[in-house]
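*Asks:*
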Amino acid sequence: MLKAMRRNVKKLSPSLWLVIAAFIIAIFAVWGGGGRLGVMGSEKPLIIIGQKKIYAQDYILALRRQIESLQSEFKGLDRNLIEQLGLTQRVLQELIQQNLLFEMAKEMGIEVTEDEVRERIMSLPVFQRNGQFVGFEEYRRILEWNRMSVTEFEESLKKDILLNKVGLLLTANATVREEEAWENYKKNNESARLEYLVLEKNKINFQETPGSRDIEDFFNRHQARYTLPEKRQGYLVFLPLSDLIKEIKINEAEIEKYYEDHKEQFREPETIKVSRIYLPFTPENKAAVLDQASSLLNRLKEGADFAALAREFSKDEKASQGGDWGEWDWQRLDSTEQKEIRKLEKGEDTLIELPEGVSILRVTEKKEARVRSLTEVREQIKSILEDQKARELGTNKLKQLARIARKEKSLEAAAKKLGYKGESFGPVKEGEAISDKDQAGFISRSLFSLKEKEISEVIPTFEGLALVQLTAITKAHPASLEEVRSEVEKDWLESKKKELAREKLLALKPKLESNSDWEKIARENNLEYKTVNEHKRDQYLSVVGDSEPFDQLIFSQPSGTVSDPVEFEGGYFIFRVLEKKEASREEFQKNLKEEMDNLITAKRNLLLSSFLARLQEEKKVRLNSQEIQKINNEILARFER
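With the numbering used here applied, the sequence shown corresponds to residues 5 to 645, in that order.
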């Protein structure tokens, strides 16, 4: 489930090639362009990229936009899910990439003209009605409705255009051949209907204990598999946030001051939800359609179900959804309709005649913009202040400890002198979690940035604050059998189970070739039976997963024939292609330009990705991790359940 959600998050986020979109994607999100978080961080920069400094507000806005996009995709979004999806890290990385491109644009002398901004505004669908620009007044009104000034929006748009231009220049050497585009077209348009049987290794009953000779032979055959990564050991002093909070007292005056200073943080914007029934007419049937609309309006007033009538009679894009235009989509409707919508109260209906049709509108929900009361947010504010003060207290304690530790050249000695509890830990891999202290791996990552005997800066984690000293390094090396014996024994057992799974499916192949009822065979042999109506390349196969070799086999297999057993990580599967949809070269030629454009965009993505990775190393990007963590905590506190 989480894997699928992470994939969807990637779809939501801008690609490297379109990093630009972060400025526009959520302009019309609930938070809009206005509103500021309570904690703005210190005046110190959050990120330093060469000579460029990035401050808290830029990061806060980017993170809030992404969270708002996610809320429309995943209902019940909470802090735990946001953290599991790694959203804060991804937004931070995108912000770095955007600013790297801004620096490149500056170095290359790339600028954006007012004409370019004007042309882009006039081309955006949200500012068009019937293919024409809505005019400046309507344009300004749309922005005001979304709590954004013309200046603010146009500055964002200017950045968008600038990033597009620098991206195009940096990837100008990307080329695409027609045959490449044809292969990509086949990938996107070919599909197969198939059925398959799965036998996972964990379904195989095999308990044999391997002998020493078996283990040695298996290890020798697969020795390249057993390379131990670099590991490090350290000495750690950790201050749990829960303990630090016990030393903190928050009084009512502080809560009230925070509330008054940060009311915008607790603002809930106005929301209007709209349902619509639309009936188009021609000059010939206009009178009849208007009569029909009046009849429908009367039925609604008598209590008829709006959604049912919309599904039956409406002729717009939302008819199948019961005419539900939600909180935002209705802002694409004709300006006449929008004006009427804003006049309606919750539950009210109205009928509006338009140039080419008639619409019946209902406001299904209307909430005025408001600031949540102090009573409603008191506990939230208290939690925010406790977290802030506890982290400040812990940081000061550990900074004092670090000063003494550097003089003593020993964190352990300094900890004993000041009465702190410390412990040796490791060996750990880079990014490895430390139970109860750092599930996200911040401590081990910091350990890998140190030289031997070096003492870290204060390390914020979700669970508290830490200080570490690197005490030992074990370099990556080929493992001896004794170092990985238990792992080898496990792998030997798994390989035996997989081999038995393959043999069972292979023995069933003749029966499968002569029998059309695979589902029955699956039941008789304790196998999983799966079907896919339309499998495309790179798509996930239930239980089996996704891989290019699987797709090569599936699309090269003649329809109606049974495959040999195919290995996947968890066992083996055997399949039969029931039907194939082939890609048409003739259709491809009709869409050749579009296909070439799509593929060259993908190539530019890869080129830009590689370029930005190198540039990030060259610029020696520095992060204020503690301040970033503080901001994350305050934003994510709003999503605690």
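Ideal placement from N, C-alpha and C gives every residue a C-beta, glycine not left out.
Helix or strand or just coil, what does DSSP make of residue 154?
*Replies:* Looking at residue 154 - three-state DSSP - the assignment turns out to be helix.
*Asks:* Of the residues 130, 118, 182, which one's Cα is nearest the Cα of residue 155?
*Replies:* With distances taken between Cα atoms, residue 155 lies closest to 118.
*Asks:* Taking 8 Å as the limit between beta carbons, can you name the residues of its chain near residue 643, skipping five residues before and five after?
*Replies:* Cβ within range, chain order: 71, 81, 82, 83, 86.
*Asks:* Can you give me the Cβ contacts of residue 410 inside the same chain, cut-off strictly under 8 Å, excluding the 5 residues immediately before and after it?
*Replies:* Excluding sequence neighbours, residue 410 sits near 459.
*Asks:* Tell me the residue span of the alpha helix (DSSP H) that contains residue 398.
*Replies:* Here the alpha helix (DSSP H) through residue 398 covers 378-412.
*Asks:* Alpha carbon to alpha carbon, how far is residue 472 from residue 239? Give it in angstroms, no decimals.
*Replies:* Cα to Cα, the separation comes out at about 6 Å.
*Asks:* In the stretch 154-237, which residue ranges form an unbroken beta strand (DSSP E) of at least 3 residues, counting only runs that do not cross its ends?
*Replies:* Here the runs fully enclosed are 195-204.
*Asks:* Kindly confirm or deny that the stretch 386-406 and the stretch 253-265 touch, where touching means at least three C-beta pairs closer than 8 Å.
*Replies:* Yes, the stretch 386-406 is in contact with the stretch 253-265.
*Asks:* To which residues of the same chain is residue 399 closer than 7 Å at the C-beta, ignoring the five residues directly before and after it?
*Replies:* Closer than 7 Å at Cβ, skipping near neighbours: 462, 469, 630.
*Asks:* How is the beta strand (DSSP E) around residue 369 delimited, first residue to last?
*Replies:* Where residue 369 is concerned, the enclosing beta strand (DSSP E) stretches over 361-371.
*Asks:* Could you give the residue range of the alpha helix (DSSP H) that holds residue 107?
*Replies:* Here the alpha helix (DSSP H) through residue 107 covers 91-112.
*Asks:* Can you give, in chain order, each stretch of the alpha helix (DSSP H) that sits fully within the stretch 246-273 and has at least 4 residues?
*Replies:* Counting whole runs of 4 or more residues, the stretch 246-273 contains the alpha helix (DSSP H) stretches 256-265.
*Asks:* Can you tell me which residues form a DSSP beta bridge with residue 533?
*Replies:* Per DSSP, 201.
*Asks:* Would you verify that the beta carbon of residue 268 is, or is not, closer than 7 Å to some beta carbon of chain B?
*Replies:* Protein chains in the displayed structure number just one, and chain B is not present.
*Asks:* Report the rounded CA-to-CA distance for residue 330 versus residue 577, giving the unit in angstroms.
*Replies:* Cα-Cα distance, rounded: 44 Å.
*Asks:* Can you grab the Cα-Cα spacing for the pair residue 430 / residue 621, in whole Å?
*Replies:* Residue 430 and residue 621: Cα-Cα distance of roughly 28 Å.
*Asks:* Do residue 328 and residue 279 have their CB atoms nearer than 7 Å?
*Replies:* The answer is yes: Cβ separation under 7 Å.
*Asks:* Across the stretch 598-606 and the stretch 539-546, are there enough close Cβ pairs to call them in contact, namely three or more that are closer than 8 Å?
*Replies:* Output reads no: the stretch 539-546 does not touch the stretch 598-606.
*Asks:* Can you tell me which residues form a DSSP beta bridge with residue 429?
*Replies:* Its beta-bridge partners are 238.
*Asks:* Can you say whether residue 575 is buried or exposed, counting buried as having 16 or more other CB atoms within 10 angstroms of its CB?
*Replies:* Per the 10 Å Cβ criterion, buried.
*Asks:* Just mark residue 585 as buried or exposed, buried being the case when its beta carbon has 16 or more other beta carbons within 10 Å.
*Replies:* The residue in question, residue 585, is exposed, as its Cβ has fewer than 16 Cβ neighbours within 10 Å.
*Asks:* With a CB to CB cut of under 8 Å and the five nearest residues on each side skipped, what residues in its chain are close to residue 568?
*Replies:* Hits under 8 Å: 510, 513, 578.
*Asks:* Give me the residue from 126, 178, 194 with the minimum Cα distance to residue 589.
*Replies:* Cα-wise, what sits closest to residue 589 is 194.
*Asks:* In this structure, how does DSSP classify residue 298 when only helix, strand and coil are distinguished?
*Replies:* Residue state, collapsed to three classes: helix.
*Asks:* Given this structure, state the Cα-to-Cα distance separating residue 220 from residue 203, to the nearest angstrom.
*Replies:* If you take the alpha carbons of residue 220 and residue 203, they lie about 28 Å apart.
*Asks:* Taking 7 Å as the limit between beta carbons, can you name the residues of its chain near residue 251, skipping five residues before and five after?
*Replies:* Contacts found: 397.
*Asks:* Using the Cα positions of residue 243 and residue 447, report the straight-line distance between them to the nearest angstrom.
*Replies:* Looking at the two C-alpha atoms, the distance is approximately 13 Å.
*Asks:* Looking at residue 230 and residue 534, is the spacing between their C-beta atoms short of 7 Å?
*Replies:* No.
*Asks:* Which of the three DSSP states is assigned to residue 87 in this structure?
*Replies:* Residue state, collapsed to three classes: helix.
*Asks:* Am I right that residue 305 and residue 338 are in contact with their C-beta atoms under 8 Å? What's the rounded C-beta distance?
*Replies:* At roughly 23 Å, the Cβ-Cβ gap does not stay under 8 Å, so residue 305 and residue 338 are not in contact.
*Asks:* Apart from the five residues on each side of it in sequence, which residues of its chain come closer than 7 Å, Cβ to Cβ, to residue 274?
*Replies:* Here the set comprises 371, 372, 373.
*Asks:* DSSP three-state label for residue 516, please.
*Replies:* In the structure shown, residue 516 sits in a helix (DSSP, three-state: H, G or I).
*Asks:* Taking the alpha-carbon positions, what's the residue 111 to residue 637 distance?
*Replies:* Approximately 36 Å between the Cα atoms of the pair.
*Asks:* Tell me the residue span of the alpha helix (DSSP H) that contains residue 553.
*Replies:* Residue 553 -> alpha helix (DSSP H) spans 552-560.
*Asks:* Taking 7 Å as the cut-off, decide whether the C-beta atoms of residue 318 and residue 356 are in contact.
*Replies:* No, these two residues do not count as a Cβ contact at 7 Å.
*Asks:* Is the CB-CB distance between residue 416 and residue 423 below 7 Å?
*Replies:* For residue 416 and residue 423, no; Cβs fall outside 7 Å.
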